[in-house]
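Engineer:
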Amino acid sequence: DQQVKQNSPSLSVQEGRISILNCDYTNSMFDYFLWYKKYPAEGPTFLISISSIKDKNEDGRFTVFLNKSAKHLSLHIVPSQPGDSAVYFCAASAGGGSNYKLTFGKGTLLTVNP
Amino acid sequence: NAGVTQTPKFQVLKTGQSMTLQCAQDMNHEYMSWYRQDPGMGLRLIHYSVGAGITDQGEVPNGYNVSRSTTEDFPLRLLSAAPSQTSVYFCASSYSKGRPTFGPGTRLLVL
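Protein sequences appear in the order of chains L and U.
Mind the numbering: the first sequence is residues 1 to 114 in my numbering, read in order.
Mind the numbering: the second sequence is residues 1001 to 1111 in my numbering, read in order.
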């Protein structure tokens, strides 16, 4: 039973437009959410996170929105750039911010076309 | 500051062979974890450690052993490799309330 779901395996957008990546979760105990970006043959790199006490967190071109009642979060990238092309993983933890036990979604492959 | 390092980068094993995947971090992080990633799947937690001498099982621990004798190192042992253990393995480390930093991964092929 998947507790973190990324239902879109892939997404293609034009350079300069907005990319929206979605993530749903089922475990009500999750209280911290992270997005990781992964290039081929590399390890995941941290992108942005959000605590369950917030509904939005922004860092430059990246914004994460959390809707707790819907158990849904989304990552917005504005404007999208070709270098953003990668696999994006949504991850969740239930450790009060202790993130050594992450549950990951399957990932969404984002392709930004020039 | 090397971050999280993993060796080897790539390994081919025959069924039944044993090996140890090495992971080291130089950030004095308390927590370390091992994940595996299979095609079309997200990362799944194998084992984790909250400090030297303390380890516990994650979601998919069968076939793997770990130990943590120092803060810096967290090796993952495959005692008798099986084709189902063909995967990419990632080690991660973090502070108590921190965001995990991942290593570059070890690609393992079991024939």
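For every residue, glycine included, the Cβ atom is placed at its ideal position computed from N, Cα and C.
Since this is a predicted model, take the numbers as computed values, not measurements.
(1) So what does aspartate 1073(U) bridge to, in DSSP terms?
(2) Determine the chain U residues that contact proline 114(L) at a beta-carbon separation under 9 angstroms, and present them in chain order.
(3) Where does glutamate 1011(U) sit, in a helix, a strand or coil, going by DSSP?
(4) Alpha carbons only, please: which of Gly105(L), Thr111(L), Asn113(L) is nearest the one belonging to proline 1039(U)?
(5) Taking only the alpha-carbon atoms, compute the straight-line gap between glycine 116(L) and asparagine 22(L) and give it to the nearest angstrom.
(6) How would you label arginine 1068(U), buried or exposed, when you count the other beta carbons within 10 angstroms and need 16 or more for buried?
(7) For leucine 73(L), count neighbouring Cβ atoms within 10 angstroms of its own Cβ and tell me buried if that reaches 16, exposed if not.
(8) Which two residues bound the contiguous beta strand (DSSP E) that contains aspartate 59(L)?
(9) Look up glutamine 1085(U) in the DSSP assignment and say whether it is helix, strand or coil.
(10) Helix, strand or coil for aspartate 31(L)? Go by DSSP, reduced to three states.
(11) Look up asparagine 1065(U) in the DSSP assignment and give the residues it is bridged to.
(12) On the three-state DSSP scale, how would you describe aspartate 1056(U)?
(13) Would you kindly work out how many angstroms separate the C-alpha atoms of threonine 1007(U) and proline 1061(U), rounded to a whole number?
(14) List the whole-angstrom C-beta distance separating phenylalanine 62(L) from leucine 47(L), where the pair is believed to meet the contact cut-off of C-beta under 8 angstroms.
(15) Reducing DSSP to helix, strand and coil, say where aspartate 116(L) ends up.
(16) In the DSSP assignment, the beta strand (DSSP E) including glutamine 14(L) goes from what residue to what residue?
(17) Check for me: the beta strand (DSSP E) holding tyrosine 88(L) runs from which residue to which?
(18) Give the DSSP bridge partners of glycine 1051(U), in chain order.
Structural biologist: Working from what's here:
(1) In the second sequence, residue 1073(U) corresponds to position 73, counting from 1. By DSSP's assignment, aspartate 1073(U) forms a beta bridge with Ala1024(U).
(2) The residue you call residue 114(L) lines up with position 114 of the first sequence. Ordered by position in chain U, no residue passes the 9 angstroms Cβ test against proline 114(L), which lies about 27 angstroms from the chain.
(3) For the purposes of this step, residue 1011(U) is taken as the residue at position 11 of the second sequence. The sequence shown places glutamine at residue 1011(U), rather than the glutamate named in the question. Of the three classes helix, strand and coil, the one that applies to glutamine 1011(U) here is strand, per DSSP.
(4) Position 39 of the second sequence, counted from the first residue, corresponds to residue 1039(U). Residue Gly105(L) is the option with its Cα nearest to proline 1039(U).
(5) For residue 116(L) there is no data in the structure shown, the boundaries of chain L being 1 and 114.
(6) Numbered from its first residue, the second sequence carries residue 1068(U) at position 68. By the 16-neighbour rule on beta-carbons within 10 angstroms, arginine 1068(U) is buried.
(7) Within the first sequence, numbered from 1, the residue matching residue 73(L) stands at position 73. It is buried - the Cβ of leucine 73(L) has at least 16 other Cβ atoms within 10 Å.
(8) Within the first sequence, the letter at position 59 stands for residue 59(L). Its beta strand (DSSP E) spans residues 56-59.
(9) As a working note, residue 1085(U) is residue 85 in the second sequence. When DSSP states are grouped into helix, strand and coil, glutamine 1085(U) belongs to the helix group.
(10) Sequence index remark: in the first sequence, residue 31(L) carries index 31 (1-based). Coil, per DSSP.
(11) Taking the second sequence and counting its residues from 1, one reaches residue 1065(U) at position 65. Asparagine 1065(U) pairs with Arg1077(U).
(12) Walking along the second sequence from the start, residue 1056(U) turns up at place 56. Of the three classes helix, strand and coil, the one that applies to aspartate 1056(U) here is strand, per DSSP.
(13) In the second sequence, residue 1007(U) corresponds to position 7, counting from 1. In the second sequence, residue 1061(U) corresponds to position 61, counting from 1. Going by the C-alpha atoms only, they are around 20 angstroms apart.
(14) Here the question's residue 62(L) lines up with position 62 in the first sequence. Here the question's residue 47(L) lines up with position 47 in the first sequence. Approximately 6 angstroms separates the beta-carbon atoms of phenylalanine 62(L) and leucine 47(L); this is inside 8 angstroms, confirming the contact.
(15) The displayed coordinates of chain L run from 1 to 114. Any statement about residue 116(L) would go beyond what the structure contains.
(16) Sequence index remark: in the first sequence, residue 14(L) carries index 14 (1-based). Boundaries of the beta strand (DSSP E) harbouring glutamine 14(L): 10-14, taken from the DSSP string.
(17) Here residue 88(L) refers to the residue found at position 88 of the first sequence. Unbroken beta strand (DSSP E) run through tyrosine 88(L): 86-93.
(18) Numbered from 1 along the second sequence, position 51 holds the residue referred to as residue 1051(U). Secondary-structure assignment with DSSP links glycine 1051(U) through a beta bridge to Ile1054(U).
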